[in-house]
Amino acid sequence: GHSEIFVGKMFKMEVWETLLTSMRIGEVAEFWCDHTGLYPIVSKGMRLIAQGRDPLEGQRHMCGMGNLFHYHSTGFPELDELMRTPQPLIFIMELLQVGDPMSYQRESWMMEKDEKLQMVPILHMQGNALVKRREFREAASKYKEAVLLLKTVQSREMPGDIDYINLGRMIVPLELNYCQCMLELEEYYEVIEHTDELLEKHKDCVKGYYKRAKAHAAVWNEKEARRDYNMVAHLDVTLASLVSRELKNLSERLKEKYWEEKEQYWNMLEKNEMKEEGDEEEKRQKEDTKDEVTEEKAKEESPTGDWESLEKVRLPLNLNLSQCMLELKQYQQVVELNNNLLKKHKGNITLCVGRIFHWGNKRQNKKKSLSLI
Numbered sequence: 001g002h003s004e005i006f007v008g009k010m011f012k013m014e015v016w017e018t019l020l021t022s023m024r025i026g027e028v029a030e031f032w033c034d035h036t037g038l039y040p041i042v043s044k045g046m047r048l049i050a051q052g053r054d055p056l057e058g059q060r061h062m063c064g065m066g067n068l069f070h071y072h073s074t075g076f077p078e079l080d081e082l083m084r085t086p087q088p089l090i091f092i093m094e095l096l097q098v099g100d101p102m103s104y105q106r107e108s109w110m111m112e113k114d115e116k117l118q119m120v121p122i123l124h125m126q127g128n129a130l131v132k133r134r135e136f137r138e139a140a141s142k143y144k145e146a147v148l149l150l151k152t153v154q155s156r157e158m159p160g161d162i163d164y165i166n167l168g169r170m171i172v173p174l175e176l177n178y179c180q181c182m183l184e185l186e187e188y189y190e191v192i193e194h195t196d197e198l199l200e201k202h203k204d205c206v207k208g209y210y211k212r213a214k215a216h217a218a219v220w221n222e223k224e225a226r227r228d229y230n231m232v233a234h235l236d237v238t239l240a241s242l243v244s245r246e247l248k249n250l251s252e253r254l255k256e257k258y259w260e261e262k263e264q265y266w267n268m269l270e271k272n273e274m275k276e277e278g279d280e281e282e283k284r285q286k287e288d289t290k291d292e293v294t295e296e297k298a299k300e301e302s303p304t305g306d307w308e309s310l311e312k313v314r315l316p317l318n319l320n321l322s323q324c325m326l327e328l329k330q331y332q333q334v335v336e337l338n339n340n341l342l343k344k345h346k347g348n349i350t351l352c353v354g355r356i357f358h359w360g361n362k363r364q365n366k367k368k369s370l371s372l373i
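Residue numbers (UniProt numbering): 1 to 373.
Right under this line is the structure:
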């Protein structure tokens, strides 16, 4: 793949900058170089880029040589050999294109201090324009980029110096704008994190407390929200009415949340009770079914065959006894005996009645013979 070199910023292989500035576009040239001690590190990064990987992959936050000493290898045997025994190398280069300094977007590491400071108000205005179009994500990116530029410049100043303090003050409105975008995007914990950092350094920042209070209120941190709202009213009495409205709104929202959660709780409790009742009913049904099965099983296992055999023997005996009672004119006993028989043997009603009438007719015909079953 092709690599871009920014003249004046290619600090790893400065010799390449010198070589390229002597070439024309489209020219291919061969150079013999004896100062190539850092080439293995640069080559490793280029090879990773050609593979579509991060050139800093696996490195710790230290200089290139430090990473080499830490891992003892570049991951490429031929480059490791060059590290052990440095030697002159021949580079073949082709200059494909030369870009104008203003034809590309320069990254912060490529800018000088003055360039970074000049870029900040431009990013600020771009962010404001995006906010007006309600493009909050893009606006937040602009504000964040401006903050990073200022922090980079501030890191080179002595803490407590006037320049350090002034740069810190320039960061405040950009941070507040960024937090406002995050509020609009409902990323409340991001707001809390940034305002915490901001208020550690600027304890009298009213807008910082206000935005943090809004974020805490949005995530139901009532105690923290009330504390920050009260701090706003303390620092700026003219905002007391605004704070009062916000606190009233917070109380109303908390009440709504309370009743919503209570309703959800009762609904859940009711569902659990219905489920328990259903489980109990199902359990009862299973127990009833089990009892029925047990009863049927008991019936199946009972000696019904013997009982039926005995009944078959008893029936004719009882009928004969009934006939004898008729002959003896003991009619009341006949009625009682036959009532008991008919309760157990309803299917034999015709037989019983027929036998009784049969013997009644024989008596009328003076035939007094006894018929036994």
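The beta-carbon is built from N, C-alpha and C at its ideal position, and this holds for glycine as well.
Original post:
What are the boundary residues of the beta strand (DSSP E) that residue 92 is part of?
Top reply: Its beta strand (DSSP E) spans residues 89-94.
Subject >> Span separating the alpha-carbon of residue 165 from that of residue 158 >> reply: Looking at the two C-alpha atoms, the distance is approximately 9 Å.
Subject >> Cβ neighbour criterion (16 or more within 10 Å) applied to residue 272 >> reply: Exposed.
Original post:
Alpha carbon to alpha carbon, what distance is there between residue 74 and residue 44?
Top reply: Residue 44 and residue 74 have their C-alpha atoms roughly 7 Å apart.
**OP:** Take every Cβ of the segment 160-175, pair it with every Cβ of the segment 137-150, and state whether three or more of those distances are shorter than 8 Å.
**Re:** Touching, yes.
Original post:
For the putative contact between residue 167 and residue 180, defined by C-beta atoms under 8 Å, what is the C-beta separation to the nearest angstrom?
Top reply: Contact between residue 167 and residue 180 is absent: CB atoms are separated by about 21 Å, not below the 8 Å threshold.
Subject >> Coil, strand or helix - residue 33 by DSSP >> reply: In this structure, residue 33 counts as strand in the three-state DSSP scheme.
Subject >> Same chain only: Cβ atoms within 7 Å of residue 185, ignoring 5 sequence neighbours per side >> reply: Non-local C-beta neighbours of residue 185 in its own chain, meaning closer than 7 Å and more than five positions away in sequence, comprise 136 and 137, ordered along the chain.
Original post:
What does DSSP give as the partner residues of residue 28 in its beta bridges?
Top reply: BP columns for residue 28 point to 94.
**OP:** Whole angstroms is fine: what's the gap from residue 212's alpha carbon to residue 266's?
**Re:** Taking the straight line joining both Cα atoms gives about 34 Å.
**OP:** Compute the distance between the beta-carbons of residue 143 and residue 89, then report whether it is under 8 Å.
**Re:** Contact: no.
Subject >> residue 259 in three-state terms, based on DSSP >> reply: Three-state result, residue 259: helix.
**OP:** Go ahead and label residue 32 buried or exposed: buried means 16 or more other beta carbons lie within 10 angstroms of its beta carbon, across all protein chains shown.
**Re:** That one is exposed.
Original post:
Would you report the Cα separation of residue 163 and residue 156, rounded to the nearest angstrom?
Top reply: Going from the Cα of residue 163 to the Cα of residue 156 covers about 10 Å.
Original post:
How many whole angstroms separate the CB atoms of residue 209 and residue 232, which I take to be in contact at a CB cut-off of 8 Å?
Top reply: Cβ-Cβ separation between residue 209 and residue 232: approximately 5 Å, consistent with a contact (criterion under 8 Å).
Subject >> residue 331, buried or exposed, once every other Cβ within 10 Å from all chains shown has been counted against 16 >> reply: Flag for residue 331 reads exposed.
**OP:** Can you say whether residue 281 is buried or exposed, counting buried as having 16 or more other CB atoms within 10 angstroms of its CB?
**Re:** With fewer than 16 Cβ atoms within 10 Å of its Cβ, residue 281 is classed as exposed.
Subject >> Nearest-angstrom Cβ-Cβ length linking residue 457 and residue 225, presumed shorter than 8 Å >> reply: This structure cannot settle anything about residue 457, because the visible part of the chain is limited to 1 through 373.
Original post:
In angstroms, rounded to a whole number, what distance separates the CA positions of residue 338 and residue 323?
Top reply: The straight-line gap from Cα to Cα measures roughly 10 Å.
Original post:
Comparing the C-beta of residue 218 with each C-beta of chain B, is any distance below 8 Å?
Top reply: No chain B is present in this structure, which holds just one protein chain.
**OP:** Write down the C-beta distance between residue 318 and residue 342 rounded to the nearest angstrom, noting that I regard them as a contact closer than 8 Å.
**Re:** A Cβ-Cβ distance of about 11 Å is found for the pair residue 318 and residue 342, leaving them out of contact under the 8 Å criterion.
Original post:
Distance, Cα to Cα, residue 223 vs residue 239?
Top reply: Between residue 223 and residue 239, the C-alpha separation is close to 20 Å.
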